Amino acid sequence: MTVGERLKQLRENLGISQVDFAAKLNVSKQNLYKYENNIITNIPSDKIEDAAKLLNVSPSYLMGWD
Numbered sequence: 004m005t006v007g008e009r010l011k012q013l014r015e016n017l018g019i020s021q022v023d024f025a026a027k028l029n030v031s032k033q034n035l036y037k038y039e040n041n042i043i044t045n046i047p048s049d050k051i052e053d054a055a056k057l058l059n060v061s062p063s064y065l066m067g068w069d
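Every position in the sequence shown, counted from 1, becomes a number in the numbering used here once 3 is added.
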C-alpha cells in the first residue's frame, strides 16, 4: 500500500471529506487528490506529520515503515 492509499483510506475511515482534510493540511484539494492518487509521491515531511496527527497514526505508519 502506498502513502497516498493510506492517506485516502484513513481519511475515508474517519469520514473526513477531501475538502475538509485539505483545508486542515493547508493544501489545495487538487494537491490532496494528487497525494492520494500517487501523482505527487514526494509529499513534504511537514504535511506527512500534520496528516499523521489528524489521522491519529504515526508518520512512520503513513510512510509504510511500520
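Glycine included, C-beta positions come from ideal geometry on N, C-alpha and C.
A quick note: this is a predicted structure, and the numbers were derived from the prediction, not measured.
Nearest-angstrom Cα separation, counted from residue j out to residue i
i, j, result
"Y36", "L10", "10 Å"
"N45", "L28", "15 Å"
"N34", "I43", "8 Å"
"Q21", "L57", "13 Å"
"P62", "V30", "18 Å"
"S48", "A54", "10 Å"
Collapsed DSSP secondary structure at residue i in the structure displayed
i, result
"S63", "helix"
"L58", "helix"
"I51", "helix"
Outcome for residue i when other beta-carbon atoms lying within 10 angstroms are tallied against a minimum of 16
i, result
"G7", "buried"
"A26", "exposed"
"L65", "buried"
"E39", "buried"
Among the options, the one whose alpha carbon lies nearest that of residue i
i, options, result
"T5", "N41, E52 and I51", "N41"
Beta-carbon proximity check, residue i vs residue j, cutoff 8 Å
i, j, result
"V60", "L17", "no"
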